[in-house]
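Some notes on the structure that comes next.
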Amino acid sequence: MRKLLIANWKLNPEREEAALNLARAYDLPGVVVAPPFVFIAGLSRVLKRAVLGAQNVFFEKKGAYTGEISPPELFDLGVRYVILGHSERRALGETDSLINKKIKASLRIGLKAVLCVGEPLTVRKRGAKAAQNFVKGQLQNDLRGIKNLKFKIKNLIIAYEPIWAIGTGRADRPEEAAAMADSIKEFLNLKFKNQNSKVLYGGSVNAKNAESFLSVKVIDGALVGGASLRAAEFKKIVKICGRY
Ligand code: PGA
């Protein structure tokens, strides 16, 4: 099975030219590029192998919702993945019930929903079990009312991103991330009877530590922020990923 790499550019780069150059530099199979919305159309013209992702979406298809972007609009532009519930969006006020609506709307339209979950440092300090329970709580709330067939559960991907590891240069230990991935898969298996769910790891993944995560059987790929803005480094991660 091929593992998945998602490049989460966040609010970078500043100019479209730089965005197009970055996308061209690692337009490779197995890669999903999630740029800021405004660069999606431009990237759709240059990407040949990598697939387009988005960093957010609204839950309605159309209507009086100033400033929002809908799942069908993204799908029409060639977007196939959408990152939802990222801790940076939760920190801006996104609630579990809002995330829940966005997941449903995305799955209905045929987008792959990449749901980000992860505990803050205060929780992790209480131990691995406490962190696993925190994440299970998020999954319970974010996936409420989503039934297997109707919402195409195979299009649901979970990204485990401990908040304290994001953008800090302090990645989780691979064995801890693996235990969390196991716990998430057990939850999804119980809830949806789906034994093929995918769980990615995210949080300070770089070329040096990528192998320690990607070589783990229960970790199906990585969500990469900072290192995805450095083309040479990201290409190394893609190469490592190709071995597993
Ligand atoms: P990071 O970000 O790789 O810069 O830690 C990961 C993410 O926020 O998805």
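Residues in the sequence shown are numbered from 187 upward in steps of one, following this note's numbering.
Where is the CB? At the ideal position from N, CA and C, for every residue including glycine.
Only a predicted model underlies this, so the values are computations on that prediction, with no experimental measurement involved.
Counting only the same chain and skipping the five closest in sequence on each side, list residues whose C-beta sits under 6 Å from that of residue i.
| i | result |
| --- | --- |
| S414 | A193 and F420 |
| I344 | L301, I370 and V385 |
| K338 | L293 |
| A393 | E419, K422 and I423 |
| V232 | L206, A209 and R210 |
| I285 | L270, G271 and D328 |
| K247 | S256 and P258 |
| W195 | P221 |
| V309 | A316, A317 and F320 |
| N395 | A357 |
| G355 | S390 |
| K322 | F373 |
Excluding sequence positions up to five away, which residues of its chain have a Cβ less than 7 Å from the Cβ of residue i?
| i | result |
| --- | --- |
| E397 | I426 |
| I295 | P257, P258 and F261 |
| F399 | P360, A363, Y387, V391, I405 and A408 |
| P215 | R235 |
| S401 | Y430 |
| A417 | L208, A211 and Y212 |
Looking only at its chain, what residues have a beta carbon closer than 8 Å to the beta carbon of residue i, apart from the 5 residues adjacent to it on each side?
| i | result |
| --- | --- |
| L229 | A205, L206, A209, V219, P221 and L238 |
| A365 | A314 and Q318 |
| L197 | P222 |
| A273 | Per the sequence shown, the amino acid found at residue 273 is Ser instead of Ala. Cβ within range, chain order: C302, G304, E347, I349 and I352. |
What whole-angstrom Cβ distance do residue i and residue j have, given they're in contact under 8 Å?
| i | j | result |
| --- | --- | --- |
| V303 | Q324 | 4 Å |
| G331 | G411 | Actually they are not in contact, since the Cβ atoms of G331 and G411 sit about 30 Å apart, beyond 8 Å. |
| K189 | Y346 | That pair is no contact at about 14 Å. |
| A240 | V217 | With 8 Å as the limit, A240 and V217 do not qualify as a contact, their Cβ atoms being about 15 Å apart. |
Determine which residues share a DSSP beta bridge with residue i and list them.
| i | result |
| --- | --- |
| V237 | V218 |
| I370 | I370 pairs with nothing; no bridge assigned. |
| G411 | According to DSSP, G411 bridges with nothing at all. |
| P388 | This sequence places Gly at residue 388; Pro is not what is there. DSSP lists L409 as partners of G388. |
| C302 | A345 |
| V265 | L238 |
| L190 | G407 |
| L270 | L301 |
Under 8 Å, do residue i and residue j count as touching if we go by C-beta distance?
| i | j | result |
| --- | --- | --- |
| I269 | P306 | no |
| G407 | L374 | no |
| D358 | A351 | yes |
| N319 | R275 | no |
| L329 | L293 | no |
| F225 | E202 | yes |
| N382 | K340 | yes |
| Y267 | L297 | yes |
| F245 | K288 | yes |
| L263 | A291 | no |
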